[in-house]
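Comments concern the structure below.
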Amino acid sequence: MTTAVLSVYLFLLVLLLWIVCEVVVGTSQEEKCVYLDRAQHLDTVGLSQDGDVIIGALINFYMLPPALDLSFTKEPYLQSCYEFQESPVQWAQAVVFAVEEINRNPTLLPGVRLGYRIMDSCSRYPHSLRSVMSIISGGNGTCETTRSSKIIIGDSTSTQCMILSRVLSPLHVPMISYLATCVCLSNKHKYPNFFRTIPSDMYQARTMAQMAKRFGWTWVGAVVEENDYGLQAVQAFMEEIKGTGICLAFVSTIFRERLAKDVDHAVTMVQSSSARVIMVFVWDMDLEVFLTELVRRNVTDRQFLASEIWSTSSHLLSNVALYTITQGTLGVAVRSAPIPGLKKHLQELHPSRYPQDTILRVLWERTFGCSPVLNNMVASQSGLPPCSGKESLEGVQNGVTDVSNLRTTYNVYLAVYAAAYALHSLLSCTAPNNSDPTVTPGCSSPDIITTQQLLEHLKMVNFTTQLGEMFYFQDGETPAVYDIVNWQRGPGGTLQYVLIGRLEGSNLIINESAISWPGNSNKVPVSVCTAECPHGTRKAIRKGLPLCCFDCLPCAEGEFSNVTGSLQCYRCPPEFWSNSLRTACVPREVEYLAFNETMGITLTTVAVCGAMMTAAVGVVFVYYRQTPIVKANNSELSFLLLLSLKLCFLCSLVFVGQPSLWSCRLQQAAFGISFVLCISCILVKTIVVLVAFRSARPGSASLMKWFGPGQQRGSVLFFTCIQVIICAVWLSISPPLPHRNLSIQGSKIILECMVGSVTGFSLVLGYIGLLAAICFVLAFFARKLPDNFNEAKFITFSMLIFCAVWITFVPAYISSPGKYSVAVEIFAILASSFGVLICIFAPKCYIILLRPEKNTKKFLMGKTQ
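For the sequence shown, the residue numbers in mature numbering (1 follows the signal peptide of the UniProt record, and there is no 0) are -26 to -1, 1 to 839.
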């Protein structure tokens, strides 16, 4: 209803109140009493009993009023309601029973007789407003007056309680609801006169959130009444699920005035959503239409979470057409408690005992199909035959006589007792068994009661129930106690709710083995937007979707996750790496160029073969040392060169195997010194060739004296000593050390030798390169000297290969990972060594072994001119 329409109703009600007050204070008998609203239904439906103090109560005996006429073309008129309910009759009788019980109690309100006035609220606020005004003013719609009530028990819905509280709050009239659960009503600033004997929806929503978390339901839909009861329940649920990983898939509302349209939309939402768990805060009459439509569309695989308003509904439980969809429902129910003597009271009900109880007459007509006869007059114009008077509820089992699970009824019962104890305190009543003999048992006059005083005393109510439980209000609230029920098939195939758990405070206890899930399944239903990410993955939220909808991304290399639904992956410790599934960390594989692997075996074999070839050439040269070709090529330098080449081949073996402190130091020193010795020999041989050619010219014979064998050996020693000094300084200041490299290949630990000082390593390589470059330049200039066997051109080729190999070595070494960098260096050593060996010694061995006729002095000197 819009604000404008509500304002109109409030204006009319205020006007009505003024009229009623005028009647109460005593207008003249001649004046005509006029009621503008003509609410015959409300004035005739209900029950009452006079007393010293009247307790007013609003019970929704009927559910559906006709559509309101808002044309404003005729007098305002609240039409009669329909859809009679049986359960509220029991609630009303709980008021009657409690009042009669209190009146018989000599210790509670002694000398004061309670009365009651119970009216229909019709589940709509125009009717409840009209009824409550009549109750607190004492008007009854017939221009007769009754005693007004100072306290209201009711109403049954949160929206109506909010409206009534706002209307009654300025009058300080307290109201105790037995079924209004909206969280908003806990606001004492807005609703200072509101109390309730049922826990707030905050606890109910918390219970549902706990159940969803317990069973792993992270994707939950909601179908709620479009009023404060439903909307505030969803709001409370959303507050409870913050940070729990649970999301609402959708929220669909149902409003009774447009029931067909809203049900169609809600069913479509449920049908199209991937959520398999649906939270429902809807009145059972509306819910029946919704569930029926789901069955018609064959949507039967949903798990419902029922609110207290329908979790124990006998009407829904008895609907056979809904068995396929409601079986397995989990519900939060208001706790049940016995009321001793109530069953007997209900069975003894008869219209003859309560002739003014119009509700009882309607119940009689519906139960027995006849109209009760009172004072020889048929009590209604229903057209039914008159009753015999022998009809009894004793053998009838319906919503009125069933006391097996008193839930709302017990809340009504507690509300009446809370009002009685507040009155007892306000009236300063004394018990008959008071120990002071001078004190007369009784209470002060009820005429002194004011609503404001009663409101203050109600806040301090604290008593022990007949069950031995302490009852009290804490800011108008009662402690949270719920039953958890499950809808299961009974022995006869009928559906019934079974108690499977309980909530006390924040402690949720559920017997999971006793639960029957939808479809008679033993497995908990799955309701997730996205299945939990498995081990080895992490959640990645999808943009624009709730947190429950996500993608599962594999963990990166070196990361792992061993928890289902992990939000992030974790780095492995430095010495570990993630396995192929990214579920755990395993020790990294240690890698180095080993002797027993294919590459190590290949390089070792080549190095050994090179050393053996060098040794073989040395043997040939030793054996043929007296031949002209060996003598002509400076046999002493040749042998020294062969020795250095053998050392070059063998030094490559130091690079193979697991690096250690001494192997790392020996690698670079052996490599640097061996190659410098080799290049020094070649450089001196090149100089010898140039000097020999120059000494053959006239006037240059003395050149060979200055570069004889001693000077040649000295030159080789000098060049080599420079490298020895460089290596010695390098090894003493910052030597190479073994290193466990964790950054090259993630899953492996590369064992390698760090060069220590980059400057030292650069000087070693640079010095080798400098000698090689000088040697290459000198050999290049001497390549066309007029010798029959010119060694300079072979030296040129060898240095060309040497320089090419080591120039390409630098980028290849830098770009090669792990053990392959070591393999590149060994390959460069072997390639350059083979280049020198083949280019310089292969032609000589060819002549010595295959062309001995050319191994003569005559041949070598034949073309020297």
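All residues carry an ideal CB built from backbone N, CA and C; glycine is no exception.
| Check | Outcome |
| --- | --- |
| Identify which residue in 130, 27 and 64 has its Cα closest to the Cα of residue 84. | 27 |
| To which residues of the same chain is residue -17 closer than 7 Å at the C-beta, ignoring the five residues directly before and after it? | Its pLDDT being 49, under 50, residue -17 is placed unreliably in this model, and the value from its coordinates should be taken loosely. Taken in chain order, the list of residues that qualify is empty. |
| Consult DSSP for residue 335 and reduce its assignment to one of helix, strand or coil. | helix |
| Could you tell me the distance, in whole angstroms, from the CA atom of residue 631 to the CA atom of residue 575? | 11 Å |
| Does the Cβ of residue 236 have 16 or more other Cβ atoms within 10 Å, making it buried, or fewer, making it exposed? | buried |
| Please return the same chain residues whose Cβ sits closer than 7 Å to the Cβ of residue 179, not counting the five positions on each side in sequence. | 207, 210, 211 and 214 |
| Looking at the structure shown, is residue 526 part of a helix, part of a strand, or coil, going by DSSP? | strand |
| Going by C-alpha distance, which of 519, 502 and 524 is nearest residue 512? | 524 |
| Identify the continuous alpha helix (DSSP H) that holds residue 129 and give its terminal residues. | No alpha helix (DSSP H) holds residue 129; DSSP gives it neither H nor E. |
| By DSSP's criteria, residue 772 is part of a beta bridge. Which residues make up the other side? | According to DSSP, which records beta bridges pairwise, residue 772 is partnered with nothing at all. |
| Under 7 Å, do residue 755 and residue 814 count as touching if we go by C-beta distance? | no |
| Using the C-alpha atoms, what's the distance from residue 22 back to residue 340? | 22 Å |
| Ignore the nearest five residues each way along the sequence and tell me which others in residue 425's own chain have a CB closer than 8 Å to its CB. | 124, 125, 145, 146, 147 and 148 |
| Helix, strand or coil for residue 511, going by three-state DSSP, please let me know. | strand |
| DSSP three-state label for residue 431, please. | helix |
| Taking the Cβ atom as the reference point for each residue, do residue 722 and residue 562 lie within a distance shorter than 7 Å? | yes |
| Applying the 10 Å Cβ sphere with the 16-neighbour rule, what's the burial state of residue 107? | buried |
| Would you call residue 636 buried or exposed, if buried means 16 or more other Cβ atoms sit within 10 Å of its Cβ? | exposed |
| From which residue to which residue does the alpha helix (DSSP H) around residue 101 run? | 99 to 111 |
| Which residues bound the beta strand (DSSP E) around residue 559? | 559 to 561 |
| Taking all protein chains shown into account, decide if residue 804 is buried (16 or more other Cβ within 10 angstroms of its Cβ) or exposed. | buried |
| Can you tell me which of 701, 357, 420 and 479 puts its alpha carbon nearest to the alpha carbon of residue 122? | 420 |
| With a cut-off of 8 Å on the beta carbons, I'd call residue 729 and residue 710 a contact; round off their distance for me. | 5 Å |
| From residue 251 to residue 72, what does the alpha carbon distance come to, in whole angstroms? | 40 Å |
| With distances taken between CB atoms, is the gap from residue 274 to residue 313 smaller than 7 Å? | no |
| Per the DSSP calculation, residue 463 is bridged to which residue(s)? | 469 |
| Answer with buried or exposed for residue -5, where buried requires no fewer than 16 other C-beta atoms within 10 angstroms of its C-beta. | Low confidence applies here, because residue -5 scores a pLDDT of 47, under 50, leaving its location unreliable and the question unanswered by this model. |
| So, with DSSP's three-state summary, where would you put residue 203? | helix |
| Who are the Cβ neighbours of residue 741 in its own chain at under 8 Å, not counting the five residues just before and after it? | 646, 650, 696, 697 and 700 |
| Taking buried to mean at least 16 other C-beta atoms within 10 Å of its own C-beta, is residue 604 buried or exposed? | buried |
| Count Cβ pairs between the region 192 to 200 and the region 220 to 228 that sit closer than 8 Å; are there 3 or more? | yes |
| If you draw a straight line from the alpha carbon of residue 661 to that of residue 752, how long is it in whole angstroms? | 7 Å |
| When we look at the beta-carbon of residue 434 and count the other beta-carbons within 10 Å, is it buried (16 or more) or exposed? | exposed |
| Quick check: the Cα distance between residue 379 and residue 439, rounded to an integer number of angstroms? | 17 Å |
| Does residue 687 come out as helix, strand or coil in the three-state DSSP assignment? | helix |
| Give the DSSP bridge partners of residue 31, in chain order. | 92 and 127 |
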